[in-house]
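Under UniProt numbering, residues 1 to 388 are what the sequence shown spells out, in order. Using N, Cα and C, we set each Cβ at its ideal position, and we do this for glycine too. This structure is a prediction, so every number in the text was calculated from the model and none was measured.
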Amino acid sequence: MELVGRRYDTFEAVSVKIKGNKISSIELLPDSEAAGLPFIAPSMFDLQINGHGGIWFNKPGLTSDEVCQVMEKHYQYGITRLCPTLITSSYEDYVSGFSAIRQACEENDWVEQMVPGCHLEGPFISPIQGPRGAHPLDQVRPADWDEFSRLQEISGNRIRLITLAPEVDNAIPFIKKAVASGVVVSIGHTAAEPEQITEAVDAGARLSTHLGNGAHGTLRRHPNYIWEQLGEPRLMASIITDGHHLPASVVRTIIKTKGVENVVITCDASGLAGSPPGIYDEGSVKMEVLEDGPIVIAGQRQLLAGSGLETDTCVTTAIDMAGITLQESLDMAGLNPARLLGFEEIKLEVGSRADLILFHYEGAGSRMNIQTVLSCGSVKYGTLLVNS
1 MELVGRRYDT FEAVSVKIKG NKISSIELLP DSEAAGLPFI APSMFDLQIN GHGGIWFNKP
61 GLTSDEVCQV MEKHYQYGIT RLCPTLITSS YEDYVSGFSA IRQACEENDW VEQMVPGCHL
121 EGPFISPIQG PRGAHPLDQV RPADWDEFSR LQEISGNRIR LITLAPEVDN AIPFIKKAVA
181 SGVVVSIGHT AAEPEQITEA VDAGARLSTH LGNGAHGTLR RHPNYIWEQL GEPRLMASII
241 TDGHHLPASV VRTIIKTKGV ENVVITCDAS GLAGSPPGIY DEGSVKMEVL EDGPIVIAGQ
301 RQLLAGSGLE TDTCVTTAID MAGITLQESL DMAGLNPARL LGFEEIKLEV GSRADLILFH
361 YEGAGSRMNI QTVLSCGSVK YGTLLVNS
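This is the structure we're talking about:
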């Protein structure tokens with residue numbers, strides 16, 4: 001198999017040959033052949049996807065077929081790896097969700113390739129309005145290692161990332177145990193004092209979940225838990241760059257402060273992503289999908305409940321908001337999350353796993369038009385420019 005396009009990092013015209021599931025060769029082509037060619041880049045890896053099309057990963061009674069539906073939908077956005085994310089829920093709903101994900105992975109090789117790990121976002125978070133976000137108050141609870149261990153077993157040891165608030169009861173011992181077991185701990189949905197954040201990082205926390213969101217609408221000038229995480233050099237930061245969750249000035253500040261290599265772009269797609277505009281009854285809360293993409297708690301416009309836009313949109317929006325390059329934005333949406341979680345870093349180089357996207361992009365102010373998506377050398381979406 002051969003792909004012809006422009007490298008996303010140097011813009012050089014290249015021929016990329018694939019043998020099996022690996023890139024076998026990359027050859028430069030004359031500059032004269034570059035005009036009109038699509039870009040070629042490693043695919044995206046989003047570590048915070050809650051579902052799609054009305055299906056949530058923590059949906060009561062989730063089935064393995066529904067897991068497969070959600071996974072397959074994400075190829076069109078250039079995503080070949082993602083962390084199914086389960087937000088604050090009852091223990092029973094967690095059992096249902098993780099069981100269905102495990103079954104889908106064990107019965108389908110392509111799902112197993114797409115799911116390197118799961119993300120448990122909650123339930124060990126702040127109960128305070130603002131930091132709690134759209135998570136249901138009645139299911140928020142103290143950190144419980146025994147509960148987590150049972151869920152980890154049910155998942156088939158697939159939980160690789162957990163978001164919690166360091167100020168909740170038992171959080172610091174929990175963080176130490178999680179890190180020792182190989183789970184990456186992220187700080188999020190928190191109202192922690194500065195010393196509690198430092199204690200969590202000392203215990204092994206490595207990431208801030210959607211920094212700048214899941215917070216009070218009004219904070220004291222300083223100190224506060226956003227500044228404390230922003231200024232902590234041991235913490236990477238994930239950010240939602242859909243154009244609705246954060247203003248451009250905040251996106252620029254986080255990237256500038258942390259450095260491109262320490263920022264992860266996520267879409268934090270809601271289970272309602274891909275749904276038409278309207279109000280949806282999601283059990284514990286009513287949510288509204290707005291015409292221009294945001295998903296909010298119904299009846300107002302300020303409290304967001306995940307994104308209705310996907311990672312490909314977040315990549316190009318980040319370019320517009322922060323003035324970064326195409327390579328920098330794509331690496332924050334692929335290379336950085338893989339490195340954080342200790343998974344294979346997919347690169348546009350010989351020997352790398354052939355998870356690639358071909359797309360057209362006209363520059364600032366435009367969006368990514370994805371033409372082809374490959375996972376492990378197989379076409380999962382679209383068509384090939386050259387196929388031999």
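Where the beta strand (DSSP E) through residue i begins and ends
{"i": "ILE128", "result": "From DSSP, ILE128 is part of no beta strand (DSSP E); its letter is neither H nor E."}
{"i": "ASN336", "result": "Run containing ASN336: none in the beta strand (DSSP E); it sits in the alpha helix (DSSP H), 335 to 341."}
{"i": "GLY5", "result": "2 to 7"}
{"i": "TYR280", "result": "278 to 281"}
{"i": "LYS17", "result": "13 to 19"}
{"i": "ASP331", "result": "No beta strand (DSSP E) holds ASP331; the alpha helix (DSSP H) holding it covers 326 to 332."}
{"i": "THR163", "result": "159 to 164"}
{"i": "GLU27", "result": "22 to 28"}
{"i": "VAL184", "result": "184 to 187"}
{"i": "PHE57", "result": "Run containing PHE57: none; DSSP gives neither H nor E here."}
{"i": "VAL179", "result": "Here VAL179 belongs to no beta strand (DSSP E); instead the alpha helix (DSSP H) covers 171 to 180."}
{"i": "ASN50", "result": "Per DSSP, ASN50 belongs to no beta strand (DSSP E) and is neither H nor E."}
Distance, residue j Cα to residue i Cα
{"i": "ASN387", "j": "VAL264", "result": "Note on ASN387: pLDDT 44, under 50, position unreliable in the model; the coordinate value appears next. Going from the Cα of ASN387 to the Cα of VAL264 covers about 33 Å."}
{"i": "GLY51", "j": "MET71", "result": "8 Å"}
{"i": "VAL16", "j": "LEU47", "result": "27 Å"}
{"i": "ALA269", "j": "GLU112", "result": "20 Å"}
{"i": "THR85", "j": "ALA237", "result": "17 Å"}
{"i": "ALA143", "j": "LEU358", "result": "43 Å"}
{"i": "SER249", "j": "ILE324", "result": "13 Å"}
{"i": "LEU3", "j": "LEU384", "result": "7 Å"}
{"i": "SER43", "j": "MET287", "result": "31 Å"}
{"i": "ALA41", "j": "LEU330", "result": "8 Å"}
{"i": "ALA192", "j": "ARG221", "result": "15 Å"}
{"i": "MET1", "j": "GLY377", "result": "8 Å"}
{"i": "TYR225", "j": "GLN196", "result": "9 Å"}
{"i": "ILE353", "j": "GLN229", "result": "Position check: residue 353 holds Arg in this sequence, whereas Ile was assumed. So the two alpha carbons sit approximately 34 Å from each other."}
{"i": "PRO60", "j": "TYR75", "result": "25 Å"}
{"i": "VAL183", "j": "LEU161", "result": "6 Å"}
Beta-carbon proximity of residue i to residue j, cut-off 8 Å
{"i": "GLY212", "j": "ILE255", "result": "no"}
{"i": "ALA200", "j": "ILE172", "result": "yes"}
{"i": "VAL373", "j": "TYR361", "result": "no"}
{"i": "LEU151", "j": "MET114", "result": "no"}
{"i": "LEU309", "j": "GLY293", "result": "yes"}
{"i": "SER214", "j": "GLY133", "result": "Looking at the sequence itself, residue 214 is Gly, so the reference to Ser does not match. Yes."}
{"i": "ILE23", "j": "GLY351", "result": "yes"}
{"i": "ARG141", "j": "PRO123", "result": "yes"}
{"i": "ILE297", "j": "VAL289", "result": "no"}
{"i": "LEU235", "j": "LEU272", "result": "no"}
{"i": "ILE240", "j": "SER307", "result": "yes"}
{"i": "TRP145", "j": "LYS177", "result": "yes"}
Span of the alpha helix (DSSP H), counted from its first residue to its last, around residue i
{"i": "GLU147", "result": "145 to 154"}
{"i": "GLY382", "result": "Segment 378 to 382 is the beta strand (DSSP E) holding GLY382; no alpha helix (DSSP H) there."}
{"i": "PHE359", "result": "PHE359 -> not in any alpha helix (DSSP H); beta strand (DSSP E) instead, spanning 356 to 360."}
{"i": "SER64", "result": "64 to 73"}
{"i": "LEU230", "result": "225 to 230"}
{"i": "ARG252", "result": "248 to 258"}
{"i": "VAL95", "result": "91 to 107"}
Backbone secondary structure at residue i - three-state DSSP
{"i": "CYS267", "result": "coil"}
{"i": "HIS210", "result": "coil"}
{"i": "MET114", "result": "helix"}
{"i": "THR317", "result": "helix"}
{"i": "LYS286", "result": "strand"}
{"i": "THR218", "result": "coil"}
{"i": "PRO194", "result": "helix"}
CB contact check: residue i to chain D, cutoff 8 Å
{"i": "GLY61", "result": "Protein chain content of the structure displayed is limited to a single chain, and chain D is not contained in it."}
### Query
Between the region 148 to 168 and the region 186 to 200, do at least 3 Cβ pairs fall closer than 8 Å?
yes
### Message
Can you confirm whether the region 268 to 281 touches the region 330 to 347 when touching is taken to mean that 3 or more C-beta pairs between the two stretches lie within less than 8 Å?
### Response
no
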